[in-house]
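Trainee:
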Amino acid sequence: MKNLSVRTGLMLGLPLLAMPALAQTADSDAAHRSDIVVTGIREDDSYAPEKAAVAGKTPAALIEVPQSISVVTRAQIEDRNLFTIGEALQQVTGVTVMPFDGTNPDYRARGFVLDYAYDGVPSTFSSGVPEFDLVIYERLEVQRGPTGLFRGSGSPGGTINLIRKRGQDRFAASTAFSAGSWNNYRGEFDIGGPVDAAGRLRLRAVGALHDRDFFQAKSHTRKLTAYSALDFDLTSTTTIGASLSYQDTKANTPMNGQPAYGLHANGTRHPLTDQFLDLPRDFQHLPSSNRFTETTTEYAGEVKQQIGDWSVVVRALHRDIPRAWEDAFIQPGTGVDPDTLTAHYVNRRSRGVNGKTAVDTYATGPFTLFGREHELAVGYSWDNRTTSFLARSQTSVGRYSILNPDAIPLAPAIYTSGSETDLQQSGFHAQLRLRPFDGLTVVAGGRISDYTNKTRGIAPSPVTDFVDGARARGQFTPSIGAVLHLAENVTLYGSYSDIFNPQTALRADGTVLDPRVGNQYEAGLKGRFLGGKLNASAAVFRSKDENRALQDTANPGFFVQAGVVKVEGLELEVTGNPIAGLDLVASYTNVKTQFEVGTAAQTGAVFDLNTPRHQYKFYARYEPAVLGGAFAAVSVNGQSSVVAGGVPGVREQAPFAVAGALLGWRFSPNVWAFVSANNVFDKVYFQRVGSINTYNFYGEPRNFLLTLRANY
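Residues in the sequence shown are numbered from 1 upward in steps of one, following the UniProt record's numbering.
(1) Give me the Cα-Cα distance between Val-675 and Asp-438, rounded to the nearest whole angstrom.
(2) Smallest Cα separation from His-264: which of Met-255, Asp-274 and Gly-257?
(3) Could you give the DSSP three-state label for residue 713: helix, strand or coil?
(4) Which runs of the beta strand (DSSP E) spanning at least 3 residues fall entirely within the stretch 505-548, listed in chain order?
(5) Only counting the same chain, and skipping five residues up and downstream in sequence, which positions put a Cβ closer than 6 Å to that of Tyr-521?
(6) Would you tell me roughly how many angstroms separate the C-alpha atoms of Tyr-451 and Thr-159, rounded to the nearest one?
(7) Taking the DSSP output, what are the residues bridged to Arg-164?
(8) Measure the beta-carbon distance from Asp-115 to Gly-154 and round it to whole angstroms, keeping in mind my assumption that it falls under 8 Å.
(9) For Ala-633, count neighbouring Cβ atoms within 10 angstroms of its own Cβ and tell me buried if that reaches 16, exposed if not.
(10) May I have a chain-ordered list of the alpha helix (DSSP H) segments no shorter than 4 residues that lie completely inside the stretch 226-296?
(11) What does the alpha-carbon distance come out to for the pair Asn-404 and Phe-283?
(12) If we require 4 or more residues per run, which alpha helix (DSSP H) segments fall completely within the stretch 362-419?
(13) Please report the straight-line C-alpha distance between Ile-36 and Ala-172, rounded to a whole angstrom.
(14) Have a look at Gly-527 and Pro-49 and give me their C-alpha separation to the nearest angstrom.
(15) Please identify the residue among Arg-548, Phe-329, Phe-428 and Pro-66 whose C-alpha is closest to the C-alpha of Val-397.
(16) Whose CA, out of Asn-104, Gly-524 and Pro-669, lies closest to the CA of Thr-249?
(17) Does DSSP put Arg-298 in a helix, in a strand, or in coil?
(18) Using a 10 Å radius around the Cβ and a threshold of 16 neighbouring Cβ atoms, would you call Ser-68 buried or exposed?
(19) Between the Cα of Gly-494 and those of Leu-706, Val-650 and Leu-525, spot the shortest distance and give me the residue it belongs to.
(20) Can you tell me which of the three DSSP states Glu-131 falls into?
(21) For Asp-608, I'd like the list of residues in its chain whose CB is within less than 6 Å of its CB, leaving aside the five on either flank, ordered along the chain.
(22) In terms of alpha-carbon separation, which member of Leu-534, Asp-339 and Arg-351 lies closest to Arg-269?
(23) Trp-665 bridges to which residues according to DSSP?
(24) Thr-421: beta carbon under 8 Å from a heavy atom of the ligand FMN?
(25) Identify whether Arg-74 lies in helix, strand or coil by the three-state DSSP scheme.
(26) What residue from Tyr-400, Asn-590 and Val-567 has the CA that sits closest to Glu-596's CA?
(27) Is it buried or exposed, Asp-309, if we count other Cβ atoms within 10 angstroms and call 16 or more buried?
(28) Could you tell me the alpha carbon to alpha carbon distance between Gln-615 and Ile-458, rounded to whole angstroms?
(29) Assuming Glu-87 is part of the alpha helix (DSSP H), what are its boundary residues?
(30) What number of angstroms, rounded off, separates the C-alpha of Thr-361 from the C-alpha of Ser-668?
(31) So is Asp-196 in contact with chain B if we call contact Cβ pairs under 9 Å?
(32) Looking only at C-alpha atoms, which of Phe-189, Asp-133 and Phe-232 sits nearest to Arg-709?
(33) Is there contact here, the stretch 364-383 with the stretch 347-355, by at least three beta-carbon pairs under 8 Å?
(34) Identify the continuous beta strand (DSSP E) that holds Gly-187 and give its terminal residues.
(35) Between Phe-232 and Arg-200, is the Cβ-Cβ spacing less than 9 Å?
(36) Measure the alpha-carbon distance for Thr-441 versus Val-303 and round it to whole angstroms.
As structure tokens, this is what we get:
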């Protein structure tokens, strides 16, 4: 705790040293958040942002990007009390949030998980790993579909690009306090501005403390987040930036979803086998001794050099995530005896570190060809992800009543295995934006990547040298698209993009299968209306994930790269401010996932059982001037049925919709309060359907949160 206090004090105290200078630059009539000007993309903070950086190396107009992109801006984050990445992604077109271990969800789009990028720096982290609270980010951008052009390997689902907060051009401060159902308490602040009169040095400090229970009995999380950043104009053409992020999370008895009814203890079936438990939503079958701890520290730096109209940028980051857990849960493949309400439990413990180091460097700027101006971006990125963990593997502890899980013993404190992994990826990329004639932009590029993933045993396992696993050399990932202006602010586009994922399965001749390749064709319309106050888009897409490993029936134990998954669908999205005082976010997604080539049982069947065929999301916030400060909001998120890990007709989630509401009052341009109600009609539903031992997650019952926000 001493180290935590010292680190947090240093991080949050840095800008306070400069408070006298900050105060001198404060505008005495500083008003509402829309008037705050900051370095970076913060000024593009409406519900209809004009630009995003996720599909390139510099922000580009959304209507000029031939792929589907959604943006959650800081305005939306604050208006909707979005505290976590998962809460923000729950509102994004076509994204499904999948609860996992009670602390780190998975995020899926178009049938696959989403990957991460940080200020455009590609990451081999995908969803499901610890991430920072949203308080340190300015916005969140999601590109759906393969994004191999800038990241190399990864999932065909898409990329989440997290844009961190920067030093502000003038003094600004904000704070917020929340209290709600299930002892849900949170406080946060954000302060910063220029230190010197010329504004060359800009600082920022951000912090949040979130302490809460959950609707499930015994579940509790305490999360402390701290962030500091500086940006300094070294010369008129050179800017350097740095940031330090820290987060400490402690979770007691995090819920991993309810189990389901299984067989009798003697192995015979029961009429309730495979059905959901007939117990309340707040029922907890896990012991109070379950503990998860995660501490994340990230150092990031950036140098930007302007050379005429060209920019040369170098970004780097290093992240360490020491993690530990000790828990007990129902043995995989087994469920709850319907007669005795007992289950076979296992326990385990593990501790170690996830690490990440990444460097991304690029040059971008205009050039002239055939009398017309075009743009080019060229660059190189390197990414290294490491893990080092000691574990006591799942050990059977016998059969216990799910009504008395605290009787389950803790796992012994002696670790029985150890392992390390080292994943390295690097690549060169280039992207051209050609304008052969007025109204047409051709966007073409490619990346050549190398990829190596190796593992080894460490004590107490037998110590071994690193052994190569999945590998790729010179893997090419192309991307090409065209954007045609039908009118000044309406575009028609089409694109092709792909991404690869190395494999470890062997052919009969002993060679490794080629990487899986996810490729996508997409076409759509985008428009920016009402003087830039409203964005609208419509897209259709078809993608395939090819080279999937299938058993070689002629050579048992070996594989052939013959499997194919097909995904197709459409998306509609409208965001913005269609009339004075009204903010709107609305979307509809229709997506079908299917095994096109698989085993006899797979071919023609649904591929991603967690992705609903239909999904719609709606949010509207109204603050008319005539009411003198009152505002309100409503939301509805709904989807069609899913079977997921369940059994059709026995354990599945029927179609459902969940409504939310908000009422508030603005006391002044700078101070406002509101109360939000989630799941207003207390709909009973499962956010995720899992197996008979875990991952059957109830959605939150009706709950309330009171929030006070102030900006200065």
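Virtual Cβ for every residue (Gly too), placed ideally from N, Cα, C. As the structure is a prediction and not an experimental result, all values here were calculated from the model.
Mentor: Here's the rundown:
(1) C-alpha separation (whole angstroms): 50 Å.
(2) Asp-274
(3) Any answer about residue 713 is impossible in this case: the structure gives the chain only from 1 up to 712.
(4) 516-529
(5) Tyr-496 and Arg-542
(6) 19 Å
(7) Tyr-137
(8) Contact between Asp-115 and Gly-154 holds: CB atoms are separated by about 4 Å, below the 8 Å threshold.
(9) Residue burial annotation: Ala-633 is buried, with at least 16 other C-beta atoms found within 10 angstroms of its C-beta.
(10) none
(11) 11 Å
(12) none
(13) In this prediction, Ile-36 scores a pLDDT of 32, lower than 50, which makes its location untrustworthy; the coordinate-derived value is nonetheless stated afterwards. If you take the alpha carbons of Ile-36 and Ala-172, they lie about 7 Å apart.
(14) Their backbone Cα atoms lie some 12 Å apart in a straight line.
(15) Phe-329
(16) Asn-104
(17) In the sequence as presented, Arg is not what sits at residue 298; that position holds Glu. Strand.
(18) buried
(19) Comparing Cα-Cα distances from Gly-494 to each of Leu-706, Val-650 and Leu-525, the minimum goes to Leu-525.
(20) coil
(21) Gly-111 and Thr-593
(22) Asp-339
(23) Ala-630 and Ala-673
(24) Among the ligands in the structure shown, none appear at all, so the ligand FMN cannot be discussed.
(25) helix
(26) Of Tyr-400, Asn-590 and Val-567, the residue nearest in Cα terms is Val-567.
(27) exposed
(28) 46 Å
(29) Note, Glu-87: alpha helix (DSSP H), 85-89.
(30) 45 Å
(31) Considering every chain present, this structure includes no chain B. It has just one protein chain.
(32) Cα-wise, what sits closest to Arg-709 is Phe-189.
(33) no
(34) 184-194
(35) yes
(36) 30 Å
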